[in-house]
Amino acid sequence: MGTGGSRQIQPHDALMRAVLSNPVDASAQVRSVLPPEVVARLDLDHLELQSGTFVTDELRNRHTDVLFRTTSRTEDSKSDDQTEHPRAADDAYIYFLIEHQSTPEQLMAHRMLGYQQRIRDRHIAHHGGTTVPVVIPIVIYQGHRPWNAPTEVAEVTAADDRLIASLGDYLPRASYYLDDLTRLDDDALRARQLTPTLRVVYVSLRRGPGDTDFTVWLPDWRPEIIGLSDQTLSMLVSYLVYVGNTTREKLRAFAATTGPHTEEIIMTAAGRLITEAWAEGEARGEARLLVKQLTTRYGALNADLRERLENATTDDIELWATRFAQGAATLDEIFA
Numbered sequence: 000m001g002t003g004g005s006r007q008i009q010p011h012d013a014l015m016r017a018v019l020s021n022p023v024d025a026s027a028q029v030r031s032v033l034p035p036e037v038v039a040r041l042d043l044d045h046l047e048l049q050s051g052t053f054v055t056d057e058l059r060n061r062h063t064d065v066l067f068r069t070t071s072r073t074e075d076s077k078s079d080d081q082t083e084h085p086r087a088a089d090d091a092y093i094y095f096l097i098e099h100q101s102t103p104e105q106l107m108a109h110r111m112l113g114y115q116q117r118i119r120d121r122h123i124a125h126h127g128g129t130t131v132p133v134v135i136p137i138v139i140y141q142g143h144r145p146w147n148a149p150t151e152v153a154e155v156t157a158a159d160d161r162l163i164a165s166l167g168d169y170l171p172r173a174s175y176y177l178d179d180l181t182r183l184d185d186d187a188l189r190a191r192q193l194t195p196t197l198r199v200v201y202v203s204l205r206r207g208p209g210d211t212d213f214t215v216w217l218p219d220w221r222p223e224i225i226g227l228s229d230q231t232l233s234m235l236v237s238y239l240v241y242v243g244n245t246t247r248e249k250l251r252a253f254a255a256t257t258g259p260h261t262e263e264i265i266m267t268a269a270g271r272l273i274t275e276a277w278a279e280g281e282a283r284g285e286a287r288l289l290v291k292q293l294t295t296r297y298g299a300l301n302a303d304l305r306e307r308l309e310n311a312t313t314d315d316i317e318l319w320a321t322r323f324a325q326g327a328a329t330l331d332e333i334f335a
């Protein structure tokens with residue numbers, strides 16, 4: 000299991016993890032997706048957030064995950080004399096995976112099977128035993144087009160139907176529950192048994208990317224906005240500013256209608272992200288200039304050095320540029 004990567008955490012990652020890490024919001028999400036007969040067998044009032052991520056390093060730019068541990072409700076067992084005996088509750092896990100890419104992941108069924116195996120392996124390592132727990136997989140998708148990828152791992156198995164039928168139970172069969180946000184308009188979101196936080200976050204995920212003025216539709220969700228925690232509101236505004244093109248003036252006009260406290264949080268979050276974006280843009284421009292200077296003096300740069308320059312901070316660029324100006328003889332001296 001992974002515990003983190005070196006990639007920069009994007010606003011949508013932070014927002015979704017923060018919201019779905021809240022047991023109340025997570026419980027509402029489960030109730031809105033799973034069949035009632037499954038919900039009835041789970042203890043959703045005592046969800047325990049688990050640490051870490053099960054997504055492989057190379058896929059963390061596509062997927063964000065959240066895991067909860069709980070128990071399943073069990074039937075009382077009966078002895079030979081028909082006396083009922085309470086049976087110990089079984090461990091169960093609820094696994095959320097948020098897909099951020101604009102198009103569906105065609106191998107998601109295969110990916111989810113692997114993630115579930117990682118979860119079971121960690122459970123065995125920590126708790127031992129001779130059985131494995133139930134892991135309930137839920138994929139939440141927020142792309143640009145409706146989900147059309149298979150939800151059953153057998154459907155992505157490269158074999159003809161007769162071979163699959165002949166192998167029967169010797170082939171793995173596993174599905175995942177899918178929550179396709181692209182198929183939900185505002186009315187459908189309001190009709191679902193979600194928390195106000197989930198509703199306003201989901202409508203923002205669906206409508207925010209590329210929007211030139213989110214203050215056109217955000218006022219329809221003003222009560223939910225005002226009710227958000229300070230942290231979630233800050234993350235939501237950061238996300239909308241990051242993925243859209245709403246002007247600061249329009250955002251300020253909307254914020255003024257939400258009350259002094261909420262207005263301050265909105266404008267602080269927006270200002271911070273805009274400042275960070277400016278600094279990042281400045282660093283990228285300086286990096287491009289430094290690449291030209293280094294190439295002129297030392298020749299073509301290898302892939303590793305280009306990657307370091309692409310991911311460099313303003314302080315890194317300033318240090319390397321200073322060494323260049325001081326007449327460093329080799330690239331090793333500059334990037335030491």
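Under numbering that gives the first Met the number 0, the first residue of the sequence shown is numbered 0, with each subsequent residue one higher. Yeah, the Cβ is synthetic: ideal placement off N, Cα and C, and Gly gets one too.
Expressed to the nearest angstrom, what Euclidean distance is found between the alpha-carbon atoms of residue 217 and residue 11?
Distance between the alpha carbons of residue 217 and residue 11 is about 17 Å.
Can you check DSSP and say which residues form a bridge with residue 178?
In DSSP, residue 178 forms a bridge with 139.
I need the straight-line Cα distance from residue 158 to residue 164, nearest angstrom please.
For residue 158 and residue 164, the distance between alpha carbons rounds to 10 Å.
Give the single residue among 121, 168 and 34 whose Cα lies nearest to the Cα of residue 68.
Closest option to residue 68, Cα to Cα, is 121.
Using the Cα positions of residue 20 and residue 65, report the straight-line distance between them to the nearest angstrom.
Each residue's Cα considered, the two are about 7 Å apart.
In terms of residue numbering, what span does the beta strand (DSSP E) encompassing residue 71 cover?
Counting along the chain, the beta strand (DSSP E) containing residue 71 begins and ends at 62-71.
Can you say whether residue 166 is buried or exposed, counting buried as having 16 or more other CB atoms within 10 angstroms of its CB?
With fewer than 16 Cβ atoms within 10 Å of its Cβ, residue 166 is classed as exposed.
Can we say the segment 92-105 touches the segment 137-148, given the rule of at least three CB pairs closer than 8 Å?
Verdict: yes, contact present.
Use the C-beta contact count for residue 207: other C-beta atoms within 10 angstroms, 16 or more gives buried, fewer gives exposed.
Label assigned to residue 207: buried.
Which whole-angstrom value is the C-beta distance of residue 250 and residue 203, which I expect to be below 8 Å?
About 13 Å separates the two Cβ atoms, so there is no contact after all.
Alpha helix (DSSP H) containing residue 98: first to last residue?
Element bounds for residue 98: not the alpha helix (DSSP H) but the beta strand (DSSP E), 89-98.
By Cβ distance, which residues of its chain are closer than 6 Å to residue 24, with the 5 residues on each side in sequence left out?
The answer, listed in chain order, is 18, 194, 196 and 197.
For residue 336, name the three-state secondary structure that DSSP assigns.
Outside the shown range of the chain, which is 0 to 335, sits residue 336, and nothing can be said about it.
With residue 43 and residue 30 assumed to form a contact (beta carbons below 8 Å), what rounded beta-carbon distance in angstroms separates them?
Indeed, because the Cβ distance is near 7 Å, the residues count as touching under 8 Å.
In terms of alpha-carbon separation, which member of 32, 170, 201 and 324 lies closest to residue 16?
Comparing Cα-Cα distances from residue 16 to each of 32, 170, 201 and 324, the minimum goes to 201.
In whole angstroms, what is the alpha-carbon distance linking residue 152 and residue 22?
Each residue's alpha carbon lies about 29 Å from the other.
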